[in-house]
Each structure stands twice: as structure tokens, then as C-alpha cells.
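Chains as they are written, first to last, in this note's numbering: chain A, -10 to 309; chain B, 25 to 482.
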């Protein structure tokens, strides 16, 4: 049986032609925006656009302008065209920093999502100590990044650092000086990046895992699926959009991260851990080359916009 | 009754001359009162000082207490800043409308370069002339004078870096040898010393290789032993476009110095993991008795050494040694640093009072109350007799004795702007210490940097 609804305009015309009719249908409130609503919506949006312009667009415009200038931090800008960009594209340190930043961001994001997912699955499956795990894993996420970095910077010192002491106890030697070599300094930094970020990812992923209807798992269990199959065939596919979002966000956050790396290595030794935000800081505040630093920020911003767009698209397609 | 007291014209001239001379002498010893123009209305001055280092907080608090006693209408507030901020982000603070009245200005930083370039500091010529400050500071004041003939900043203390503090107990147990004069005569001798310490379970020399300055410090002490005084002067000044380049960075003296730094690192003289340790960590390593020596400076006896001794973690009285020379027959020296200076930003809302406070800070009275007695530092003025150095720790006095015997030499990284000097060369020397670059490559890069700075400015 199908129900036929008359359009409101038709209804008005009908009622007007038929005069007063107690049984005639009342005029339905109009859904959507009429001219007056559109006007008031536009007016109410003005403050938002003003704020966006002042706090987002204006600094962005200024950064772009600065990236085409030479500026030591004070006084007027001196336009230099594309010189800053030309310098950056030919600079070996910039190329190196770009490479390690991408490696650092993607590695941290990958491990954060992987460990967060495994932990969420374990807690959701009510493994022993799951309540304590929720708390323990979240603690690093709420610790101040500077304190975390200083703690781990000491922790990785040869002989006296907690990591080396533990390794020494199990016979793996206690004199590893990871932070002192440009070949290995990035590894502890990645470890600390993962350690401090995994708590947040774990909680978000756990929320997604717990949204999966129990009936689905029960049905799988009845069909004979074991834990691993349940995880790979049900849990993972259903939380994939969340994983994609977290992965994208972690890349962006780590890419822009400054505190942990700065407090642990100040970008050294020999600039080996100078990721792009640190390189930009040094360019601006140590070398007084704010124009080059701004150009670096513009390039980084464009790159992250691309990463963000791809991440959002992938997340949406997974949801669909 | 009419007075019969008469003075002849000649007497007037003579009296005037004597009074002027007397006033000139007095001006160096005490401060004349502020002019009435300053008034008695309440005023609050904001002073920046560093959070760590040579006890700047104690120094300023003592000077402020004396100043506010003289001028009860003045209140002094403090704005502490970190070592990292003082040479970089502080530029935005001291050039803003919320600028402090007295700003901290590391002379080899971009902050000072930009503030001077943009005329964002109040000239100090008036207060310098009033108290004969330039003469009281002596030769180091020459470097403060800018191209326009003005002074915009004043140092307040002199510290010596490149001091090798020794642990006599560790050295005795290692049977390592420190030359009687304290001077290592060659890099080979220092390497042998390091090996003896290492054999006994100690590091030879603890350094904070992670910092943005310690890798290049030794360059300051050792390079003058490998180049002529004329060349050294040119290395210090040739970044200025109006000074002709007469000494190239690729000269043998520079290459030999860099080779020496590489050899020390390769010889295993430093502690394990030194490139991952900052100076505080290296200092703690030394005071805990784990190394035979520490590369440090004169702020340590009154700072970390004193506090670690009180805590009981430092159980020895440190001695002294000096870095090796690069060329046989010459002696390396300790390096004086006058670099952390103060100035008055043009955006200060109380410029007259700020100048008056700075003037008092630099007077002999202010220097004695603050730098000398409160902080135990060496005052930058030379007009305070050494007999007044009662609060200066013995270790610092020992350094002064060695300076008196062998002299001292200004460091290249302290003299030139950081963007051209220390900031640029430090990571390169770290690379050299890791064995990932060569002396020739560093010299070439520094020469290219010189040409770039001369062409494009800082």
C-alpha cells in the first residue's frame, strides 16, 4: 500500500478553494531554508568567518608573504621572490630533514595504530587485567611531553639510563649510546613518540571496537570462528574507518611534533634528528632566516593538506 | 660686616681643574644621584635575566634591593628567561609593546644583531660617558661600539670557559699525567691522558656534546695557537663587508685545529655517549666522580660544584688544567666571555629609569653588590680591586691566577654573530667528532658561509 502526500502548495490552494474545512490537513512547517532563514544564517555566520579570517586566513596569508621575503625577525620585509624556495629545494639539510620527518611521522603513526588496535582488542576481549591496562596505557598520553622527553633522554643514557640498566641485566650490554650517534638517535625518538601517543589512539580504537554489536561476534562464534578470525574478519573491517582517521591524525601530529624531539636531542647530533619543525625553528630563531622558515612551513602545510585529504577520502570510502 | 674673602682669577681656574679631576675620579667610584627629572612618581621596572648560569637572579635581586633603597618610588619586577629563549624567541618579546625595561642581549645572537640593525635599543653613550664605563671595562668594550659610534648593550660579568676542571682522585687512581703547568702540550698528550683514565674505568674528559656550543668551544681556545694574531683578528672581523678578507678558512692553521678536534674525539678522550648529553648531564657525570676532567667554566664552582658538594654527591676538590695547543711551543688559554649583556629596548615605557638602573648596575658599587658579592662572579669592570673578591670561590681565583700568568684570548664563537659562527660550525664539529665529515669540508663550508654573509648580510 502506498501513501500519497500532497505538496504543501497544493494543499494551500485546495484549502483556499474549498473554504473552511475542519478535516483539511494543517499546513506543514517548511523544512529547509527560505529567503529569510538564509539571510539570518548568513548574518549569524559572519562572526565565524571573521574569526576564521583573523586567526586562520590572515596568518596563512602572512606566512606565504613572508616565505617570499627576507626577514631577520625585526624591521620591514625585503621581497626576494622565489629565492627561499630555490634555496630549500637545493639544500641538502632540507632534503635530509624532509626524508627523516616523513619516515618519523609514518613510522610513529603505524606503530601507534598497530599497538593501539592490539591493545583495544585485548581489553575488549576482557583479558586478565584489562581494567588496569586502560589506565596504564593512558598515563603516557597525559604526561607533559617535555617531562616525557627529559625522562627518556636520561633513560637512554649509557650505563646510568634505565633502558641500558635493564638491557645490562639481561646480558645485552649497558653501554648503548643511541642518542649520541646520528645513525641511531632517531630510534629512541620514535620509541618515545609511539609510547606517548599510543594511549590516546588505544582509547579511541577501544571505543570503536566496543561499538561492534555483540550479536555479530556471537554469530561468528556459533559459526566456529576462533578469536583470530573474529579479529581479522569482523573487528578490523568494522573499525577500519576509525583506524584510517587515527593514522592520518597521528601522521599530522607527529609531523608537526617539536617538543619530544627538541627536548631529547635538540635536533642533533650533527642535525641528524632535525625534523622539519626543528629545522624551521633553527632557521628562524638561530639563523634569523624567518623567510626560509616560512617557506618551509608553506611546503609542509601543503604536504600535510594532501596527506589529510587522502586520509579523509580513504576513511569515507571505508565507511561507505 | 663685609666679608674680606677674595679669590683671584688664577685660583678659580686652579680650583676648577682640581674639582673636575676629583669629580672624574669620584665618578668611577660611586654613582651620582639621578637627576631631578626622573621624579618621585611610583614606577615599576621590568628586568630580564636568565634562569640559569652565573647566578643572575641573585645578582639582580641584590642590585635591585640597593637601588630601591635609594629610590623608594621604584619597584623592580623580574622576567626570567631560559638559555634557549635568550638567543632566539626573545627577539619578539623585547621588540614588542610589552618589552621589558632592561633586556638580556647575548652579544653573539641574532637577537642583538637584529635589535642593533633596526635601531631598537636605546644608546647607552650617556650613561657610559657619565661613569667612564668604557675605560672601566677596558679593551673588551671596543667590541661593543657599533658602526654608528654608539653603545647599545653592556656586559656585566666576565666568565672564563674552556676551563678543564680535574678530579685529582680519579687522576691519581688512573695514574694519568697532568703536566705540572696544567697545560697539555699536545693533542697526543691529552689522548694518552684519556686512555689512562679509560683504562682505570673513568672517562678522560666529560663534555656536553649535545649542546649547541660545547663542540665549538675548544675551537676558540685551540685555534689561536695555530694561526697568527693578525689572522685571528681577521677571522673575528672579516664577516663585516667593510673589512677585507686576508685570512681564508681553508688555511693550514684552521685545518690543523679541526684535525686536532677530530683526533681528540677519535682518541676516545670523551665519555661514552657525549653527543647525547647536555652540559648539565656532563657536569653531573663529573661531580659524581666518573670522569678525570670536565670541560666547563668559572660559573661552576659557585654553582653545580657547590650544590653537589652540599648534597654529598661531589666528594673531591677540583683542580685545573688547560687544553692542548695545536702547534708545539704555543699555549692554549682560557677563553673570556663578556657576551650576556643588558640593554634598554626602545619600546621600554620607562627609559629614563631603566638607564638609571643600568647605570647603577654598572657602577663600581652596583658591580660589587651584585656581580661580586651576591653572585660570586667576576665583575666586568676593572676598577674594583681584587682584594674585594672575597665572595669569589677559590676555584675561580685559581683560574684568575692562571689567566694572570698565561693571559687569555677572546673566542671566535663569542665574538662573531652566532648565525655565522657558533650556530653554523657547532653541528659541523659534531659531525667531525662522529667521523662523518673532514676538516677540509668544514673549512670549505665556513669559507662559503663567510662569503655568503659578506654578500647577503646576516
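Don't be surprised by glycine CBs; every beta carbon is placed ideally from N, CA and C. Quick caveat, the model's predicted, so the values are computed rather than measured.
- For the pair residue 175/B and residue 360/B, the Cα-to-Cα distance works out to about 20 Å.
- Apart from the 5 residues on each side of it in sequence, residue 90/A sits with its Cβ closer than 7 Å to the Cβ of 244, 264 and 265 in its chain, given in chain order.
- In the DSSP annotation of this structure, the continuous segment of the beta strand (DSSP E) that includes residue 189/B starts and ends at 181 to 190.
- Counting only the Cα atoms, residue 33/A lies some 12 Å from residue 25/A.
- Contacts with chain A at 8 Å (Cβ-Cβ) do not include residue 274/B.
- Secondary structure remark: continuous alpha helix (DSSP H) runs of at least 4 residues inside the stretch 308 to 373 of chain B, in chain order: 330 to 335.
- Taken through DSSP and simplified to helix, strand or coil, residue 150/A comes out as coil.
- In this structure, DSSP gives residue 126/B an extended state, which the three-state scheme calls strand.
- Around the beta carbon of residue 102/A, 16 or more other beta carbons lie within 10 angstroms, which makes this residue buried.
- Residue state for residue 72/B is assigned as strand, using DSSP reduced to three classes.
- Taking CB atoms only, residue 52/A has no neighbour in chain B less than 8 Å away.
- Taking all protein chains in view, the Cβ of residue 440/B is crowded by 16 or more other Cβ atoms within 10 Å, so the residue is classified as buried.
- Listed in chain order, the non-local C-beta contacts of residue 122/A below 6 Å within the same chain comprise 112, local neighbours out to five positions each way being set aside.
- A distance below 6 Å between beta-carbons, with the five flanking residues on each side excluded, links residue 365/B to the following residues of its chain, in chain order: 129, 131, 177, 178 and 179.
- Annotated three-state conformation of residue 56/A is helix, per DSSP.
- By DSSP's assignment, residue 230/B forms a beta bridge with 318/B.
- Taking a Cβ-Cβ threshold of 7 Å, the residues of chain B close to residue 164/A are 296, in chain order.
- When the beta-carbon positions are compared, residue 253/A and residue 86/A stay at least 8 Å from each other.
- Around residue 63/A, the beta-carbon contacts reaching into chain B at under 8 Å are 115, 119, 138, 139, 141, 142 and 144.
- Per DSSP, the continuous alpha helix (DSSP H) segment holding residue 237/A begins and ends at 225 to 244.
- Here the C-alpha atom of residue 417/B lies approximately 15 Å from the C-alpha atom of residue 77/B.
- The three-state secondary structure of residue 379/B, taken from DSSP, is helix.
- Ranking 73/A, 64/A, 94/A and 78/A by CA distance to the CA of residue 141/B puts 64/A first.
- Look at residue 176/B here: in three-state DSSP terms it is coil, with no helix or strand label.
- Taking the beta carbon of residue 274/A as reference, the chain B residues within 8 Å of it are 111, 112, 113, 115 and 134, listed in sequence order.
- Beta-bridge pairing by DSSP links residue 159/A to no other residue.
- In terms of Cα proximity to residue 75/B, the closest of 313/B, 229/B, 105/B and 468/B is 105/B.
- If you draw a 10 Å sphere on the C-beta of residue 405/B, you find 16 or more other C-beta atoms in it, and that means buried.
- Counting the other Cβ atoms within 10 Å of the Cβ of residue 125/B gives 16 or more, which makes it buried.
- Nearest C-alpha to residue 226/A among 57/A, 82/A, 197/A and 126/A: 197/A.
- Contact annotation: the stretch 201 to 214 of chain B touches the stretch 335 to 346 of chain B, with at least three C-beta pairs closer than 8 Å.
- When Cβ-Cβ separations below 8 Å define contact, residue 66/A makes no contact with chain B.
- Beta-bridge partners assigned by DSSP to residue 67/B: 98/B.
- Identification of chain B residues near residue 260/A by a Cβ-Cβ cut-off of 7 Å yields 451, ordered along the chain.
- Distance from the CA of residue 341/B to the CA of residue 89/B, rounded to the nearest whole angstrom, comes to 34 Å.
- With a contact defined as Cβ atoms closer than 8 Å, residue 137/B and residue 482/B qualify at about 5 Å.
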